[in-house]
Every structure is written in C-alpha cells, then in structure tokens.
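Peer 1: This structure is in structure tokens; I'll ask about it shortly.
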Amino acid sequence: MKNILILIRKDLISYFVSPIAYVVIAVFLVLSGIIFSLRFSFFYHDSLELSRNPYMMGEYNLNVTEHVLEPMFFTLNFLSLLIVPMLTMRAFAEDKKSGTMELLFTYPVRDIEVGLSKFAACFIVYCCMIGLTLLYPALSARYADPEWGSVAMGYAGLLLSGAAFVALGVFVSSLTENQIIAVAVSYGLLLLFWLFGAAETLLPQPYNVIVTDLSLFNHLEDFARGVLDTHDLVYYVSFTALAMFFTLRSLEVTKWKGKA
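Here's what the structure looks like:
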C-alpha cells in the first residue's frame with residue numbers, strides 16, 4: 003500500500019505541475035456549464051409560464067431533477083468520453099517514451115502496484131472534475147427542490163462509468179509509447195461502446211439485446227433516474243476490473259521485453 007501511495011502522489015504531481023489537468027478540467031467545466039445554463043434557463047422560463055396559468059399547472063409537472071439534472075448526467079457522461087482519453091493518454095505512454103518505465107521496473111514494486119497507481123491518479127483527477135459539477139444541483143436548489151437521492155445516485159453512476167472510461171484509457175496507454183495513438187485508440191473504443199447503444203434498432207433479436215447490453219452508456223440510465231440496478235453496478239465493476247486485468251498483462255509483456 004505504501005508503494006501505491008507514493009506512486010499515486012508522483013503521478014498526481016505530474017498532472018498538476020503541468021497545464022494538462024487544468025486545461026482539461028477547464029474545458030470540461032466550460033462546456034458543461036454552458037449546457038447546464040441553457041437547460042436551466044429553459045426550465046425556469048417554462049416554470050414562470052406555468053405559474054401564470056394555474057390550469058396548466060395541473061397538466062404539466064415540471065421537476066428540476068427530471069428536466070434539468072437527469073439530462074445533465076448524460077451530458078456529463080458524454081463529455082467525460084471526450085475528456086478522459088486526454089487524462090489517460092500519458093499514463094504509461096509518457097513513461098515508455100522517456101525511458102522511466104524501465105527504471106520503474108528496477109524498483110521493488112509489483113506490476114499491480116504500478117497499474118493501480120496509474121488508474122488511481124487518473125481517477126482522482128476525474129473525481130475532482132466531476133466534483134466541481136456539484137455546483138449545478140446546488141444552484142438548482144436555490145430556485146427549485148431537487149430530489150437529492152436521485153442526484154446522489156446519478157453521481158454514483160458518473161463515478162462508476164468514469165472508472166470504466168479511465169480503466170480502458172489506462173489499458174490503451176499501456177500498449178504504446180505514443181500519446182497521440184493512445185488518445186486516438188481510446189476515443190475509438192469509447193465511441194464504439196457508445197454506438198453499441200444504437201444496436202437495439204439496427205440488429206435483429208437476440209443480437210441487439212446482447213450488443214446493447216455492452217454499451218457503457220445505456221447502463222447509466224437507471225442511475226440517472228435515481229434507480230440502483232445491481233446489473234448496472236456489476237457491469238461497470240466488471241468492465242473496470244477486466245480492463246485493469248489486461249493492463250497488468252500488458253505490463254508483464256513490457257517487462258518481459260525489457261529483460262529480453
């Protein structure tokens with residue numbers, strides 16, 4: 003555990019002494035902030051219109067959680083797809099290119115400690131980024147009454163899906179020393195898992211059900227609605243664990259090549 007904490011600290015310092023983490027987080031917050039502002043302004047306008055017409059109030063139930071925050075979870079999830087590969091691209095690729103990977107293998111650390119520390123450092127940066135978006139439900143609470151249980155479940159879904167994104171990106175980074183290749187392949191794989199969600203209407207049964215169930219994004223739906231489905235939980239945990247398993251195997255191959 004001590005080795006992991008030391009390696010996590012080293013990787014976090016490398017993120018925050020360079021502008022990468024700040025730029026990535028800033029871009030994420032600007033894009034999500036613009037989208038939240040637009041969604042909430044539409045909601046606020048519709049609420050004012052309904053308040054002026056008591057007869058319409060009975061027909062339409064405007065809920066800030068359902069009309070603003072729930073769609074925002076999907077927005078944040080999609081933006082994470084665009085941002086996470088920029089965080090994970092340097093996880094191993096930079097060390098391989100600079101030669102510090104071979105030096106790291108000479109230290110008394112295990113492959114699992116190296117792999118978990120890279121994942122943890124990236125995931126901590128991701129959590130910081132998502133944590134800053136708590137401002138959105140906090141602002142919503144000034145003008146409406148969010149369902150905090152649903153909000154908490156939505157954020158739990160974002161963290162689980164984010165862990166899967168990070169694990170996949172770290173695995174891809176372990177395969178190459180080129181950061182551009184790492185980010186491009188990560189984008190390609192994440193987009194592929196996003197497109198799996200469209201298989202329901204494109205493929206015949208039962209293939210559509212099987213492929214759709216592989217989508218990283220469809221499993222967020224219940225979380226965004228405030229529902230905890232163990233199937234979704236198991237999917238995200240299994241996906242993350244499998245990606246990290248392949249990362250460790252990749253590290254073993256890299257170490258073996260270094261000794262050959």
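When we follow this note's numbering, the leftmost residue of the sequence shown carries the number 3, and every step to the right adds one.
Even for Gly, the Cβ is constructed at its ideal location relative to N, Cα and C.
Tell me the DSSP secondary structure of residue 316 in three-state form.
Peer 2: Given a span of 3 to 262 for the chain in the structure shown, any question on residue 316 remains unanswerable.
Peer 1: What number of angstroms, rounded off, separates the C-alpha of residue 19 from the C-alpha of residue 46?
Peer 2: Locating residue 19 in the sequence shown gives position 17, counting from the first residue. Locating residue 46 in the sequence shown gives position 44, counting from the first residue. Roughly 41 Å between the two C-alpha positions.
Peer 1: With DSSP run on the structure shown, which of helix, strand or coil describes residue 11?
Peer 2: One-based indexing of the sequence shown puts residue 11 at position 9. Residue state, collapsed to three classes: helix.
Peer 1: Compare the Cα-Cα distances from residue 141 to each of 12, 91, 66 and 8 and report the closest residue.
Peer 2: As a working note, residue 141 is residue 139 in the sequence shown. Of the candidates 12, 91, 66 and 8, the one whose C-alpha sits nearest the C-alpha of residue 141 is 66.
Peer 1: Rounded to whole angstroms, what's the CA-CA distance from residue 104 to residue 238? Just pull it up for me.
Peer 2: Walking along the sequence shown from the start, residue 104 turns up at place 102. Walking along the sequence shown from the start, residue 238 turns up at place 236. About 32 Å.
Peer 1: Might you give, ordered along the chain, the residues of its own chain that have their beta carbon closer than 7 Å to the beta carbon of residue 246, omitting 5 neighbours on each side?
Peer 2: In the sequence shown, counting from the first residue as 1, residue 246 sits at position 244. If we look at residue 246 and ignore the five residues flanking it on each side, its Cβ neighbours are 117, 121 and 169.
Peer 1: Taking C-alpha atoms, which residue in 153, 251 and 124 lies nearest to residue 226?
Peer 2: The residue labelled residue 226 in the question sits at position 224 within the sequence shown. For the residues 153, 251 and 124, the minimum Cα distance to residue 226 belongs to 153.
Peer 1: What does a CB cutoff of less than 6 Å around residue 111 pick up in its chain, not counting 5 residues either side in sequence?
Peer 2: As a first step, residue 111 is located in the sequence shown; it is residue number 109 there, counting from the start. 5.
Peer 1: Starting from residue 113, trace the alpha helix (DSSP H) both ways and give me its first and last residue.
Peer 2: In the sequence shown, the residue the question calls residue 113 occupies position 111. Looking at the DSSP string, the run of the alpha helix (DSSP H) that includes residue 113 is 113-134.
Peer 1: Could you name the residues of the same chain whose beta carbon sits closer than 6 Å to that of residue 196, not counting the 5 residues immediately before and after it, in chain order?
Peer 2: Working through the sequence shown from its first residue, we reach residue 196 at position 194. Hits under 6 Å: 219.
Peer 1: The alpha helix (DSSP H) with residue 87 in it runs from where to where?
Peer 2: Indexing the sequence shown from 1 puts residue 87 at position 85. That run of the alpha helix (DSSP H) goes 72-90.
Peer 1: Give the straight-line distance between the Cα atoms of residue 135 and residue 258, rounded to the nearest whole angstrom.
Peer 2: Counting from one through the sequence shown, the residue named residue 135 turns up at place 133. Counting from one through the sequence shown, the residue named residue 258 turns up at place 256. Approximately 43 Å between the Cα atoms of the pair.
Peer 1: Could you please give the first and the last residue of the uninterrupted alpha helix (DSSP H) stretch that includes residue 138?
Peer 2: Against the sequence shown, residue 138 aligns to sequence position 136. First-last of the alpha helix (DSSP H) with residue 138: 137-145.
Peer 1: Taking 7 Å as the limit between beta carbons, can you name the residues of its chain near residue 48, skipping five residues before and five after?
Peer 2: Sequence index remark: in the sequence shown, residue 48 carries index 46 (1-based). For residue 48, where only same-chain residues beyond five positions count, the Cβ hits under 7 Å are 64.
Peer 1: Counting C-beta neighbours from all protein chains within 10 Å, is the total for residue 174 16 or more, i.e. buried, or is it exposed?
Peer 2: Locating residue 174 in the sequence shown gives position 172, where the first residue counts as 1. The residue in question, residue 174, is buried, as its Cβ has 16 or more Cβ neighbours within 10 Å.
Peer 1: For chain D, check one thing: does any of its Cβ atoms lie closer than 7 Å to the Cβ of residue 217?
Peer 2: The chain inventory of the structure shown lacks chain D, comprising one protein chain alone.
Peer 1: Buried or exposed for residue 91, please, with buried defined as at least 16 other CB atoms from any protein chain shown within 10 angstroms of its CB.
Peer 2: The residue you call residue 91 lines up with position 89 of the sequence shown. The residue in question, residue 91, is buried, as its Cβ has 16 or more Cβ neighbours within 10 Å.
Peer 1: Would residue 87 be called buried (16 or more neighbouring beta carbons within 10 Å of its own) or exposed?
Peer 2: Residue 87 sits at position 85 when you count from the first residue of the sequence shown. Per the 10 Å Cβ criterion, buried.
Peer 1: Looking only at its chain, what residues have a beta carbon closer than 7 Å to the beta carbon of residue 119, apart from the 5 residues adjacent to it on each side?
Peer 2: Here the question's residue 119 lines up with position 117 in the sequence shown. The residues are 6, 9, 10 and 13.
Peer 1: Compare the beta carbon distance of residue 89 and residue 127 with 7 Å and say whether it is the shorter of the two.
Peer 2: Position 87 of the sequence shown, counted from the start, is the residue given in the question as residue 89. Position 125 of the sequence shown, counted from the start, is the residue given in the question as residue 127. Closer than 7 Å, so yes.
Peer 1: For residue 3, does the three-state DSSP call read helix, strand or coil?
Peer 2: Numbered from 1 along the sequence shown, position 1 holds the residue referred to as residue 3. DSSP places residue 3 in coil when its eight states are reduced to three.
Peer 1: Roughly how many angstroms separate the alpha carbons of residue 261 and residue 208, rounded to a whole number?
Peer 2: In the sequence shown, counting from the first residue as 1, residue 261 sits at position 259. In the sequence shown, counting from the first residue as 1, residue 208 sits at position 206. For residue 261, the predicted model reports a pLDDT of 47, less than 50, meaning its position is unreliable; a value from the coordinates is still stated below. Cα-Cα distance, rounded: 47 Å.
Peer 1: Which of the three DSSP states is assigned to residue 231 in this structure?
Peer 2: Position 229 of the sequence shown, counted from the start, is the residue given in the question as residue 231. Residue 231: coil per DSSP, three-state reduction.
Peer 1: Measuring straight from C-alpha to C-alpha, what distance separates residue 21 and residue 214?
Peer 2: For the purposes of this step, residue 21 is identified with residue 19 of the sequence shown, where counting begins at 1. For the purposes of this step, residue 214 is identified with residue 212 of the sequence shown, where counting begins at 1. Those two C-alpha atoms are separated by around 37 Å.
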